[in-house]
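Asker: One structure follows; several queries about it will come next.
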Amino acid sequence: MTEIRFDNRVAIVTGAGNGLGRTYAIELARRGAKVVVNDLGGSSTGVGESATAADAVVDEIRSAGGEAVASHDSVATRDGGAAIVQKAIDAFGQVDILISNAGFLRNSRFEDLTDQQIDPILDVHLKAAFYVGQPAYKAMRSRNYGRMLFTGSASAMFGHAWQANYAAGKGGLMGLSHVVALEGSAYGIQSNLLLPTAVSRLADEMDMGYMEIPAFAASLQRCEFEVVGPRTVPEFNTPLALYLVSEDCKASHGIYSSNGGRYARVRICAGEGWHTPRGNTPATVEDVAANFAQIESPAGFTEPHTVYDEIFDVTEGGRKAGVFD
Numbered sequence: 003m004t005e006i007r008f009d010n011r012v013a014i015v016t017g018a019g020n021g022l023g024r025t026y027a028i029e030l031a032r033r034g035a036k037v038v039v040n041d042l043g044g045s046s047t048g049v050g051e052s053a054t055a056a057d058a059v060v061d062e063i064r065s066a067g068g069e070a071v072a073s074h075d076s077v078a079t080r081d082g083g084a085a086i087v088q089k090a091i092d093a094f095g096q097v098d099i100l101i102s103n104a105g106f107l108r109n110s111r112f113e114d115l116t117d118q119q120i121d122p123i124l125d126v127h128l129k130a131a132f133y134v135g136q137p138a139y140k141a142m143r144s145r146n147y148g149r150m151l152f153t154g155s156a157s158a159m160f161g162h163a164w165q166a167n168y169a170a171g172k173g174g175l176m177g178l179s180h181v182v183a184l185e186g187s188a189y190g191i192q193s194n195l196l197l198p199t200a201v202s203r204l205a206d207e208m209d210m211g212y213m214e215i216p217a218f219a220a221s222l223q224r225c226e227f228e229v230v231g232p233r234t235v236p237e238f239n240t241p242l243a244l245y246l247v248s249e250d251c252k253a254s255h256g257i258y259s260s261n262g263g264r265y266a267r268v269r270i271c272a273g274e275g276w277h278t279p280r281g282n283t284p285a286t287v288e289d290v291a292a293n294f295a296q297i298e299s300p301a302g303f304t305e306p307h308t309v310y311d312e313i314f315d316v317t318e319g320g321r322k323a324g325v326f327d
């Protein structure tokens, strides 16, 4: 098996001072990449800042013979994002890879979330992906090559009580990644979304108050954490993350799950559904109610990659159902 290498590639990893980002940065460097280790050095709730975390990772990389520089800029401002990308260009002359990983938690009930719990979460997860991603994309486009990996979450894709703010930010990254993949396809740039599962310092911010939700508590209590626990350390997520940003990987516009050592493509699909009868008269609410079981049916799924793919699928499905010529 040929070793996956990153020689002559320059990678930016945000939130690389701890947890997932740290393992990504160290392994990228071990495999030959020049790495910008970005971390503001705040707490797991996004409070404070320190150069210690990023500097320690850079020292570890350099001690092992790799090349890295530290960035202590905030991803949550446009100026900070531009400075992170400029650090890569000043130090190494180019940008080939962006892993948008920085983040923190501020959990609470949906109805109790304040602006101080909503805005900073959206800033560091969703808006930061624009602030760092836009200048990185421009640098990649100038060289007709790039790999972008946005860090989503199963909390957004599948749901997690008391994380409406976090899930909203992570869910936005799904749409962002899809559009970057489409636009980037013309310029050699690929984009994917990773849903990692890892026990990290963010776990300290989890409040078990969410157990007040019976359906969620039942889901949690079914889990055999003692079985998968040893495989939820950050390092188990690193192989998939690095493959997705490698030159060897040709996949784009995807969502991928890394959970307990299981790596899988997560798909957003549309069912065959129910078509309004032939003609141009809209269905009634009662029509929808009468046919809701078919609307919900998992039969005949398709996987649109653009809004126009869905229109094509609807047209073909309508022909099959006899509502179009």
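Each number in the numbering used here comes from the position in the sequence shown (counting from 1) with 2 added on. The C-beta atom is built at its ideal place from N, Cα and C for all residues, glycine as well.
#1: Tell me the residue span of the beta strand (DSSP E) that contains Asn261.
#2: Considering only C-alpha positions, which residue in the set Leu42, Glu298 and Val60 is nearest to Ser52?
#3: Can you look up Gly135 in the DSSP assignment and give me helix, strand or coil?
#4: What beta strand (DSSP E) runs, 3 residues minimum, are completely inside the segment 171–229?
#5: Just to confirm, is the Cβ distance from Ala58 to Val39 under 7 Å?
#6: Helix, strand or coil: which one does DSSP assign to Ser157?
#7: Let me know the secondary structure DSSP gives Met342 once reduced to three states.
#8: Do three or more CB pairs link the segment 95–103 to the segment 13–22 at distances below 8 Å?
#9: At 4 residues or longer, and completely inside the segment 20–82: list those alpha helix (DSSP H) runs for me, N to C.
#10: By DSSP's criteria, Tyr265 is part of a beta bridge. Which residues make up the other side?
#11: Look at the Cβ atom of Tyr133, then the Cβ atom of Gly83, and state whether they are nearer than 7 Å.
#12: Over what stretch of residues does the beta strand (DSSP E) that includes Ala99 continue unbroken?
#13: Measuring CB atoms only, is the segment 266–274 touching the segment 225–237, in the sense that at least three cross pairs come out at less than 8 Å?
#14: Helix, strand or coil: how does DSSP classify Thr286 here?
#15: Assuming contact is defined by CB atoms lying nearer than 7 Å, are Gly161 and His127 in contact in what I supplied?
#16: State the Cα-Cα distance for the pair Asp92 and Arg111, rounded to the nearest angstrom.
#17: Would you report the Cα separation of His255 and Val316, rounded to the nearest angstrom?
Answerer: Let me lay it out:
#1: As a working mapping, residue 261 is identified with position 259 in the sequence shown. Element bounds for Asn261: Gly256 to Asn261.
#2: Within the sequence shown, residue 52 is the residue found at index 50, counting from 1. In terms of CA proximity to Ser52, Leu42 leads the group Leu42, Glu298 and Val60.
#3: Mapped onto the sequence shown, residue 135 falls at position 133. Shown here, Gly135 sits in a helix according to DSSP, grouped into three states.
#4: Complete beta strand (DSSP E) runs here, min 3: 191–198.
#5: Position 56 of the sequence shown, counting from 1, holds the residue named residue 58. Position 37 of the sequence shown, counting from 1, holds the residue named residue 39. Going by C-beta atoms, Ala58 is not nearer than 7 Å to Val39.
#6: The sequence position of residue 157 within the sequence shown is 155, counting from 1. Ser157: helix per DSSP, three-state reduction.
#7: No information on residue 342 is available, as it lies outside the stretch 3 to 327 that the chain covers here.
#8: Three or more Cβ pairs closer than 8 Å define a contact, and the segment 95–103 meets that threshold against the segment 13–22.
#9: Those alpha helix (DSSP H) runs which fall completely within the segment 20–82 and span 4+ residues are 21–32 and 54–65.
#10: In the sequence shown, counting from the first residue as 1, residue 265 sits at position 263. Partner(s): Ser260.
#11: Within the sequence shown, numbered from 1, the residue matching residue 133 stands at position 131. Within the sequence shown, numbered from 1, the residue matching residue 83 stands at position 81. At a Cβ-Cβ threshold of 7 Å, Tyr133 and Gly83 count as neighbours.
#12: Residue mapping note: residue 99 aligns to position 97 of the sequence shown, counting from 1. Before going on, a small fix: residue 99 reads as Ile here, not Ala. Per DSSP, Ile99 belongs to the beta strand (DSSP E) from Ile99 to Ser102.
#13: With contact defined as three or more Cβ pairs closer than 8 Å, the segment 266–274 and the segment 225–237 are not in contact.
#14: Within the sequence shown, the letter at position 284 stands for residue 286. In the three-state DSSP reduction, Thr286 falls in the coil class, being neither helix nor strand.
#15: By 1-based counting over the sequence shown, the position of residue 161 is 159. By 1-based counting over the sequence shown, the position of residue 127 is 125. It is not a contact, given that the beta carbons lie outside the stated cut-off.
#16: Along the sequence shown, read from residue 1 onward, the residue named residue 92 stands at position 90. Along the sequence shown, read from residue 1 onward, the residue named residue 111 stands at position 109. For Asp92 and Arg111, the distance between alpha carbons rounds to 44 Å.
#17: Along the sequence shown, one-based indexing puts residue 255 at 253. Along the sequence shown, one-based indexing puts residue 316 at 314. Cα-Cα distance, rounded: 21 Å.
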